[in-house]
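Heads up, the thing below is written out as structure tokens.
Numbering (my numbering), first residue to last: 13 to 202.
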């Protein structure tokens, strides 16, 4: 196994994904989320997997995949969804977003702890700022300890606790990030 460079290394490259990247994005996303398969409750597991597969297979102008890569390939990805994007929900319904969301943040097991997730989330914050959105939404589950810590460290505010909804959607925790103008100081880290 090779040693990966630091996230600030010029050997890491962050870019908008192309159609040719979808297989690699699916692989890194499935690797990243496979750790939750046993932890997520049985009634939620199938809907979570169906939703993830549907999003991975979708091609829509309101959704942008961003990737982190090295000369070894794609090591992380995140889906930035514009307001107006229609996506599958965990309960089998579809939802049309009213605000931008960052979804399926994924960092391959060999690249964890290098700050790639943080940089990919910064890209989503910047994309929300670019389109003039006042907030960026992220949804996690209680089992996703790293994602929950990342949101809190980056200044996302918890909007909805797990259990606030019913059915498969009850597992979700919503975080919201207030977008500041480019020259304003970032929200304080918690």
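Where is the CB? At the ideal position from N, CA and C, for every residue including glycine.
Rounded to whole angstroms, how far is the Cβ of residue i from the Cβ of residue j, which I believe are closer than 8 Å?
i	j	result
residue 23	residue 98	Incorrect: roughly 37 Å between the Cβ atoms, too far for contact.
residue 41	residue 89	6 Å
residue 26	residue 78	7 Å
residue 115	residue 91	4 Å
residue 187	residue 171	7 Å
residue 94	residue 112	6 Å
residue 32	residue 121	With a Cβ gap of about 23 Å, residue 32 and residue 121 do not count as contacting.
residue 191	residue 141	5 Å
residue 136	residue 148	6 Å
Can you tell which of the options has the C-alpha that lies nearest to the C-alpha of residue i?
i	options	result
residue 108	137, 75, 164 and 28	75
residue 189	86, 150 and 154	150
residue 173	164, 167 and 154	154
residue 103	184, 193, 191 and 168	184
residue 165	29, 84 and 133	133
residue 3	167, 80 and 143	With the chain covering 13 to 202 only, the question about residue 3 has no answer from this structure.
residue 159	119, 30, 29 and 35	119
residue 128	29, 193, 84 and 80	80
Could you give the residue range of the beta strand (DSSP E) that holds residue i?
i	result
residue 186	185-190
residue 208	A question about residue 208 goes unanswered here, because the residues of the chain that appear run from 13 up to 202.
residue 107	106-108
residue 169	169-172
So what does residue i bridge to, in DSSP terms?
i	result
residue 118	89
residue 25	81
residue 131	Note: residue 131 sits in no beta bridge, so no partner.
residue 150	114 and 187
residue 99	107
Let's see if you can read the secondary structure: which residues bound the alpha helix (DSSP H) around residue i?
i	result
residue 30	From DSSP, residue 30 is part of no alpha helix (DSSP H); its letter is neither H nor E.
residue 158	157-165
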